[in-house]
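Sequential numbering from 6 applies to the sequence shown in our numbering.
The C-beta atom is built at its ideal place from N, Cα and C for all residues, glycine as well.
Since the structure comes first, as structure tokens, the remarks are kept for the end.
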Amino acid sequence: MVSGALEARIHTALDGVYDPEIPVVSIRELGILRDVRISGDTLEVVITPTYSGCPAMEQIGDDIRNALAREHVQVRVVTQLAPAWTTDWITPAARDKLRGYGIAPPSHAAAQPEGLHACGKVLQFRRPTATPPVPCPLCGSDDTTETSHFGSTACKALYRCLACMEPFDHFKPY
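Laid out in structure tokens, this is it:
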């Protein structure tokens, strides 16, 4: 059992673990941090990658272990692939931070459940038919265009604002 004081220190330490590719948002704010649990005598921190080949996951695991080692807590980092991460898990605060950092946050138009099994399991997903405009995080204009489906990382696309003419990354909605 974890005491209330230790639990608070653990959560504070984890709130200080930032995405190495986007250093203005924490792994909790991005929705990568899925759970903190006790398994026997071991603290487990469960994380889900933004996509299955995310190269930052090893660094994130190391950062979690280092943050908790400073609190004298031994931890096992568990990578959980299901359910798959979705941009809908990004907090509103993180969306604002992304925008302030020059990255257009994703819309909430990721795939939506279309059919549910009686147990509540999603049977299939429906992708939105219309792509909403991607506002420029620098000037706010909706007059933008995708110049490359791959930006600085695989989870982002490269866009250009036709109003201010500046390039910017857009976090792809998943």
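If you draw a straight line from the Cα of residue 168 to the Cα of residue 100, it comes to about 22 Å. The C-beta distance from residue 88 to residue 109 rounds to 25 Å, too long to meet the 8 Å contact threshold.
Residues of the same chain with their beta carbon placed closer than 6 Å to that of residue 159 are lacking, with the five preceding and five following residues left out of the count. Within the DSSP bridge table, the entry for residue 172 names 165 as partners.
As a beta-bridge residue in DSSP terms, residue 42 pairs with 49. Residue 58 has its alpha-carbon roughly 19 Å from the corresponding atom of residue 163. Around the beta carbon of residue 74, fewer than 16 other beta carbons sit within 10 angstroms, so the residue counts as exposed. Within the DSSP secondary-structure output, residue 151 pairs in a beta bridge with 164. The residues 162, 163, 174, in chain order, have a CB closer than 6 Å to that of residue 156 in the same chain once the five nearest residues on each side in sequence are set aside. Close CB contacts of residue 144 within its chain, under the 7 Å cut and outside five residues either way in sequence, are with 166, 168, 169 (chain order).
In the DSSP assignment, residue 75 falls outside any beta strand (DSSP E) and carries neither an H nor an E.
For the 7 Å CB-CB criterion, residue 82 and residue 30 do not form a contact.
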